[in-house]
Amino acid sequence: MRIGKGFQLLFLVFVVCGVFYPAIFAGINSVDDRRMFQDLALMIDKSPWTLFLPPPGFYYRPLLMLTFVVDYMLWGQEPSFYHLGNILIHAANACLIFLVTESLLKVGNEEGEPGPWPLLAGLLFAVHPIVTESVDWISGRTDLLGCFFVLLTTLAIVTASRRRNLGFVILGVVAMILAVMSKEIMVFFLPAGVFLLYRLSPATHGTAWCRRAATVFLSPFLLAGGLYFALRIQKYGLGAGFSEFLHRYDYGLFDTVRVFFKAFGFYVKKMFFPLPLNFAIVSASDTYVWVGIVAVAAMLFMLRRRLPGLDLVVVGFYLVFPGVLIALTNIAWTPLAERYVYLATVFLVMGLVHLLRDLSLSIRRETVVVGCLAVFLLPMTVVTVGRNFVWQDNARLYADTKTKSPEFAAMNNELAIALINAGDLKAAEKVLAEGKKKSASYPLLYINQARIYLERGEYDAARDEILKICHDKSSVNIEVLKMLARIDEIRFAKSADDGVMKQLLDTYRVLTFRKADPFYDYRYGQLLLKIGDRARALEHFKEAALRAPTGSHYKLAAVKLVSRLQQNRTE
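For reference, each letter of the sequence shown is one residue, going 6 to 576 in my numbering.
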């Protein structure tokens, strides 16, 4: 009995929700998630259109941030709903893989039945262990959302190739624009899209049609890209963001080639065999250089064969390159990450399923091949479910990561944060001490040790801890200064000592000079007012009133103080 397409798609959604339901209870990850929630609180009062303006940094993800803003408006800071959103987008991606695979299997055989292969493709990707990081991490939504629109683009390209219809190419352009707005690195799919247009179009379409389709597909991005960079240069200057990008690249020619092949080989291996799963991958064996060389040779071989399944595998390998670029430039938290191959794995899975389907038909053993794949799904699902439970608890996740990346001091800090939040201060201190042995200059280790002292009421010890890393207030990490101000605020509230007041005033002076946060202007103004310096207090209240986010608790107070001080000046 043939199962209807609708029921198969519902089954895919059911499997994804069942496998990833532990993620709903995962809470907020201290890496990126917490900062993102803080940004949302400031962003909520701004016009949504401001999200689409070019930023000064590397990242341009307005559509991603828009989804978070909508979540924030609906659910506030309840993380379960953000996790549910990620799960549903992943389910949608699995369903799109089903539809794309079905459409691919009909290229050149419109009347043929795709059989169980689209469902198998969707399932293989849905429960692949490599996807857990993107799905379980709220901030990983950028890969999920970008992939969703790339799959829509792919579906449009495949349909356009089957029907020789430029209208579907235009739909693909729209979807591709949304993909780039979800994660800027999705622009790497443009050459792959053109490649698929040429490879999937039957010979009867002719090369002229392929050229027209490619022109329609690429032209909007050349125009939009030029406009984007013009606006960016006008607002931030020619080198904004890019100078830092180039500054981070410090490899010579030999090391560039070595790291390229090593990162490429590492990611190719990860797609086929993802274990061990690790949230913070900071190094890889040089053995992967040879894996990378073999993988590049395999790409060249597959390109010559001109088979749809092999073409999809080639696209999957090619989409690893953005992750390789990150490894070369060190612009991310870690040089390597499992989430960077979320999209690449999509095309690898679809290509392998296409090849296995062709093999099963040629040897007339479709039932056997399908059965083997179905059995293979079981261990994949077990690994993925187990990993989802690891992600459910920050302390468990960071302890696992620390074991797998023992040299990474930042993970000691994240584990300590989780332990502090759980109330295990003694264990947190031990982890922080280990981290300082690895990286004595890492400021967050000292900040969180000071946080432990504050929890115990040891305020002088907390200050001494911060001073170990705070040698020059004008250049020290801004978070160190913020913690120093917090400590001195508590000390001043306890003693009202003039010496503590002077220390506090000096810290706020530097914070306001470095434009850390308009709140510090407001607080500095209050202290200046307390010592009778009305003129300088007025300056800082003005700054706070001007820069404070709409709706912040101190903005109205700053405005009133500005008005009162100006009135007193005129009297």
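Where a beta carbon is used, it is the ideal one built from N, C-alpha and C, also for glycine.
Asked                                                                                                                          : Found
Helix, strand or coil at valine 312 according to DSSP, with G and I counted as helix                                           : Note that residue 312 corresponds to leucine in the displayed sequence, not to valine. In this structure, leucine 312 counts as coil in the three-state DSSP scheme.
Element boundaries [alpha helix (DSSP H), containing serine 367]                                                               : 347-368
Pairwise C-alpha distance: threonine 106 and glycine 328                                                                       : 25 angstroms
Residue nearest to alanine 208 in terms of C-alpha spacing, selected from Ala268, Ile135 and Val112                            : Val112
Where glutamine 454 falls, given that 16 or more other Cβ within 10 Å makes a residue buried                                   : buried
Straight-line Cα distance separating glycine 530 from phenylalanine 73                                                         : 34 angstroms
Element boundaries [alpha helix (DSSP H), containing glutamine 82]                                                             : No alpha helix (DSSP H) holds glutamine 82; DSSP gives it neither H nor E.
Simplified DSSP state of leucine 282, which is helix, strand or coil                                                           : coil
Which listed residue (Val564, Lys487 and Phe154) has its alpha carbon closest to that of valine 578                            : Residue 578 lies beyond the range of the chain shown here (6 to 576); nothing can be said about it.
Span of the alpha helix (DSSP H) around glutamine 508                                                                          : 503-518
Three-way DSSP call (helix, strand, coil) for leucine 201 in this model                                                        : helix
Segment contact, 8 angstroms Cβ cut-off, at least three pairs: the region 422-429 with the region 391-411                      : yes
Beta-carbon gap between valine 20 and leucine 128 smaller than 8 angstroms                                                     : yes
Among Phe234, Tyr272 and Val199, nearest to valine 221 - alpha-carbon criterion                                                : Val199
Proximal residues to glutamine 508 (C-beta, below 6 angstroms), its chain only, five neighbours per side dropped               : Asp493
Under the three-state DSSP convention, the category leucine 223 falls into                                                     : helix
Rounded separation between alanine 550 and leucine 534 - CA only                                                               : 16 angstroms
Opening and closing residue of the alpha helix (DSSP H) in which threonine 158 lies                                            : 146-168
Residue span of the alpha helix (DSSP H) that contains proline 448, given as start and end                                     : 448-461
Other residues of its chain near valine 564: CB distance less than 6 angstroms, five sequence neighbours each side excluded    : Ala550
Closer than 8 angstroms to chain B by CB, serine 52                                                                            : Absent from the structure: chain B. Only one protein chain is present.
Outcome for cysteine 152 when other beta-carbon atoms lying within 10 angstroms are tallied against a minimum of 16            : buried
CA nearest to the CA of threonine 389, picked from Leu566, Arg40, Val140 and Phe42                                             : Val140
Identity of the residues DSSP links to leucine 341 by a beta bridge                                                            : Ile286
Cβ neighbours of valine 634 in the same chain (closer than 7 angstroms, five flanking residues each side left out)             : Nothing in the structure corresponds to residue 634, since the chain is present only between 6 and 576.
Distance CB(phenylalanine 546)-CB(leucine 532) smaller than 8 angstroms                                                        : no
Exposed unless 16 or more other CB atoms sit within 10 angstroms - verdict on aspartate 38                                     : buried
Sequence-distant residues of the same chain with beta carbon closer than 8 angstroms to leucine 364, five excluded per side    : Val374
Own chain partners of threonine 137 with C-beta closer than 7 angstroms, once the 5 adjacent residues on each side are dropped : Leu282, Thr389, Arg392, Asn393 and Trp396
Distance between beta carbons of leucine 341 and isoleucine 286, contact taken as under 8 angstroms                            : 4 angstroms
Beta-carbon gap between alanine 498 and tyrosine 513 smaller than 8 angstroms                                                  : no
Glutamate 118 in three-state terms, based on DSSP                                                                              : coil
Distance, proline 84 Cα to valine 354 Cα                                                                                       : 31 angstroms
Tyrosine 26: first and last residue of the uninterrupted alpha helix (DSSP H) it sits in                                       : Element bounds for tyrosine 26: n/a, residue is neither H nor E.
N- and C-terminal bounds of the alpha helix (DSSP H) containing valine 273                                                     : 258-277
Cβ contact check for the region 343-358 and the region 274-281: 3 or more pairs under 8 angstroms                              : yes
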